[in-house]
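The block underneath contains the structure these notes are about, expressed in structure tokens.
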Amino acid sequence: MAQNTLPSAARLVIIGGGIVGCSAAYHLAQLGWRDVIVLDKGALPYNDGSTSHAPGGMHVTNYSRMMTHFAVQSVEIYSRLPDFEPGRPMVRRVGGLEVAYTRERMEDLKRKQGVATSYGVEAHLLTPEETLAHIPLLDPRVIHGSFYAPLDTNVIGWHVAGSLANEATRIAGV
Numbered sequence: 001m002a003q004n005t006l007p008s009a010a011r012l013v014i015i016g017g018g019i020v021g022c023s024a025a026y027h028l029a030q031l032g033w034r035d036v037i038v039l040d041k042g043a044l045p046y047n048d049g050s051t052s053h054a055p056g057g058m059h060v061t062n063y064s065r066m067m068t069h070f071a072v073q074s075v076e077i078y079s080r081l082p083d084f085e086p087g088r089p090m091v092r093r094v095g096g097l098e099v100a101y102t103r104e105r106m107e108d109l110k111r112k113q114g115v116a117t118s119y120g121v122e123a124h125l126l127t128p129e130e131t132l133a134h135i136p137l138l139d140p141r142v143i144h145g146s147f148y149a150p151l152d153t154n155v156i157g158w159h160v161a162g163s164l165a166n167e168a169t170r171i172a173g174v
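Below is the structure:
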């Protein structure tokens, strides 16, 4: 994707080389698009856009079915990509845990677990004692339980963007 000179024309120009722009280029390359350019004001993928300083936590369950589907699909795609920096995994499926300190919050988490299950996402409600197995520093006497989603993932966003860019280039010369 990085070139010293730009062509005079392209079928599509993507402005922004963060995770969204690189993902668009990657998916278009998979669909057979060959005349695509990605432009960014900085070097890919280490630029000053939001991807380069995003914290990287991906919670896959959302009350929107579409957003949940996008998140699950993103985890699957990112997990198949080659590492951007060899030996430094850019995707870690660590699971996500939301702890309830009030009865009301535990009721919210019960609803969230129902939503996750209805969308096909594995999710569990844990007792205070089961929660302690994940976070031993917690005092189980002051919590009401937790919501655990094994698919929740941590990613290094700029590495994912870099890998998507590399794959778009490999597939289609983007």
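Residues in the sequence shown are numbered consecutively from 1, following the UniProt record's numbering. Cβ coordinates follow ideal geometry from the N, Cα and C atoms, glycine included.
query, result
"With 16 as the cutoff for other CB atoms within 10 Å, does Met1 come out buried or exposed?", "In this predicted model, Met1 has a pLDDT of only 44, less than 50, meaning its place in the structure is not dependable; the value taken from the coordinates is given anyway. Buried is the call here."
"Is the beta carbon of Tyr26 less than 8 Å from the beta carbon of Ala123?", "no"
"Across which residues does DSSP place residue 208 in a beta bridge pair?", "The first residue shown for the chain is 1 and the last is 174, placing residue 208 beyond what the model contains."
"Take Arg34 and list the residues in its own chain whose beta-carbon comes closer than 7 Å to its own, dropping the five residues that flank it on each side.", "Ala172 and Gly173"
"Which class does Ala2 belong to by DSSP, given the choice of helix, strand or coil?", "With a pLDDT of 48 at Ala2, under the threshold of 50, the predicted position of this residue should be treated as unreliable, and no value is reported."
"From what residue to what residue does the alpha helix (DSSP H) around Leu39 run?", "Looking at the DSSP string, Leu39 is not in any alpha helix (DSSP H); the run it does join, the beta strand (DSSP E), is Val36 to Leu39."
"Please state whether DSSP places Arg11 in a helix, a strand or coil.", "coil"
"Does DSSP put Pro54 in a helix, a strand or coil?", "The sequence shown places Ala at residue 54, not Pro. In the structure shown, Ala54 sits in coil (DSSP, three-state: anything other than H, G, I, E or B)."
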